[in-house]
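Structure, as structure tokens:
Residue numbers (my numbering): 42 to 561.
What follows is the structure, encoded as structure tokens:
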């Protein structure tokens with residue numbers, strides 16, 4: 042047996058002071074060998090950039106402002122923000138801690154981790170998590186390809202002056218058979234090259250992408266605050282409409298957006314954690330990285346609301362808050378309305394500098410999407426490697442599957458809309474499976490072995506985490522899933538909208554059919 046000295050402080054089980062105490066812990070030769078045979082992150086800054094790159098993606102910039110607008114009425118969007126922040130601490134962070142602890146302790150991806158911690162019979166849960174993340178990556182790669190195209194397009198062309206002209210730009214791109222497929226293929230190839238040599242290339246790529254991405258976001262955010270009437274957008278964003286608490290869509294969107302934002306339940310952080318050592322503070326990372334990610338989302342939300350309100354009030358002085366929020370809610374083709382239709386039009390009103398800002402905006406989206414897709418490709422590649430496949434062969438198979446299964450979304454916007462509706466919500470089921478794994482293994486045993494007795498210089502994981510994982514989070518998931526299903530069944534068809542039993546883009550039956558198919 043190999044003896045290690047580490048600092049631990051289990052405040053939940055002892056009456057010792059808050060000062061860390063030194064204890065001897067044992068680690069088996071097998072566990073040490075698993076850690077030694079894997080490459081690790083070479084620096085803490087590389088680790089942090091890689092983890093941030095994993096979670097800071099198009100979900101923060103493309104998806105978050107649109108979801109906030111969809112869950113706002115004429116009074117404001119503060120209620121959604123409150124629920125969204127609550128789910129960060131009651132859902133996303135506890136699940137991410139499971140991922141960090143599991144990956145670092147087992148040194149295996151999700152399938153191997155389920156097998157090691159709870160037995161062969163539960164390995165299918167890990168396979169489900171990997172499959173959901175892979176399917177999300179298939180249509181995510183398509184959206185990332187749109188970002189690449191828009192960078193190229195607005196370097197070569199002037200910005201549109203109206204929403205009709207901007208919609209025409211998008212449809213000219215989307216209805217062309219080769220462009221969406223070509224850009225989808227490009228995003229697959231770039232992400233594949235980034236994981237070619239494992240953590241070494243992943244770390245190098247993210248050390249470049251993430252700082253540049255954050256600088257662009259910060260620059261655009263500061264500029265947006267200087268716009269006339271920007272305060273109108275900020276006031277609206279932070280004004281409450283308490284009636285919204287009764288709307289199940291607010292709660293469902295808050296938890297699913299949180300999962301989409303932070304990657305909670307996707308398994309990607311579990312995969313990255315296999316490259317972490319005992320002196321990497323995974324409790325610190327598990328709390329601070331999702332909090333930082335949500336802060337980036339909030340900054341992006343303030344930025345977009347400031348730009349939209351400022352531009353529309355300036356160009357249409359008689360416009361009302363209700364009219365503005367309806368424009369922001371307008372989903373457009375495949376939920377592109379706010380980002381790909383309106384943002385170019387809004388930047389055009391600024392003049393020549395607006396084109397530069399628009400290009401920077403889509404460069405920012407491209408960097409964000411690339412760093413997130415890299416993490417998903419690494420998850421699937423790592424999972425295949427756990428089954429004995431050579432890394433480069435696993436990566437090639439992953440990229441080939443990513444491209445092939447993403448083709449339907451690249452060629453048909455309705456399919457992409459359906460995939461986003463179904464699989465974004467499936468992350469909630471992923472989270473429940475990770476909770477099941479820890480509960481089966483034993484929450485106290487997991488907290489001790491994967492965290493408090495297996496860390497050097499980290500924060501102790503408090504006992505309240507056990508209560509959240511065992512009771513609070515599962516109850517949240519069951520209530521939200523049940524409420525969501527009831528709402529879909531209860532809502533009546535309005536103006537030709539699809540009923541819950543139709544095989545449509547965003548219906549309950551279509552969701553259940555696809556989910557059950559994956560279970561089989």
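All C-beta atoms, glycine included, are put in the ideal place defined by N, C-alpha and C. Note that the structure is a prediction, hence the values are computed from the model and not measured.
Presumed contact (8 angstroms Cβ cut-off) between residue i and residue j, rounded CB distance
i	j	result
residue 108	residue 294	5 angstroms
residue 350	residue 365	6 angstroms
residue 188	residue 406	4 angstroms
residue 157	residue 149	6 angstroms
residue 95	residue 491	About 20 angstroms separates the two Cβ atoms, so there is no contact after all.
residue 119	residue 280	6 angstroms
residue 390	residue 356	6 angstroms
residue 409	residue 126	That pair is no contact at about 21 angstroms.
Option nearest residue i by Cα separation, candidates the options
i	options	result
residue 225	112, 337 and 190	190
residue 181	449, 521, 518 and 254	449
residue 395	264, 217 and 298	264
residue 170	286, 154, 160 and 183	154
residue 445	513, 83, 479 and 179	179
residue 242	105, 168, 331 and 91	91
residue 202	105, 386 and 255	386
residue 143	159, 131 and 129	159
residue 499	319, 215, 474 and 336	319
residue 304	134, 380 and 550	134
residue 310	421, 121 and 273	421
residue 555	315, 172 and 86	172
residue 121	471, 282, 476 and 468	282
residue 298	333, 129 and 481	129
Straight-line gap, residue i to residue j (C-alpha atoms, nearest Å)
i	j	result
residue 431	residue 530	47 angstroms
residue 213	residue 426	41 angstroms
residue 82	residue 520	39 angstroms
residue 66	residue 229	Interpretation of residue 66 is limited by its pLDDT of 41, a score under 50 that renders its predicted location unreliable; the figure taken from the coordinates is listed afterwards. Each residue's Cα considered, the two are about 43 angstroms apart.
residue 117	residue 111	11 angstroms
residue 137	residue 516	18 angstroms
residue 184	residue 217	15 angstroms
residue 131	residue 363	32 angstroms
residue 509	residue 152	24 angstroms
residue 175	residue 435	13 angstroms
residue 552	residue 268	42 angstroms
residue 140	residue 250	24 angstroms
residue 252	residue 527	43 angstroms
residue 198	residue 207	12 angstroms
residue 200	residue 327	41 angstroms
Where the alpha helix (DSSP H) containing residue i begins and where it ends
i	result
residue 246	240–266
residue 459	454–482
residue 517	514–531
residue 356	323–356
residue 97	Per DSSP, residue 97 belongs to no alpha helix (DSSP H) and is neither H nor E.
residue 424	393–427
residue 107	105–111
residue 219	219–235
residue 497	No alpha helix (DSSP H) contains residue 497, which DSSP labels as neither H nor E.
residue 118	Careful: residue 118 lies outside any alpha helix (DSSP H) and carries neither H nor E.
residue 83	Premise fails: residue 83 is in no alpha helix (DSSP H) and is neither H nor E.
residue 17	Within the shown structure, residues of the chain are numbered from 42 to 561, placing residue 17 beyond reach of any answer.
residue 380	Careful: residue 380 lies outside any alpha helix (DSSP H) and carries neither H nor E.
residue 277	271–278
residue 209	204–215
residue 311	309–314
- Message: To test your reading of the DSSP string, which unbroken alpha helix (DSSP H) runs of 4 or more residues are found completely within the stretch 126–163?
- Response: 134–147 and 151–159
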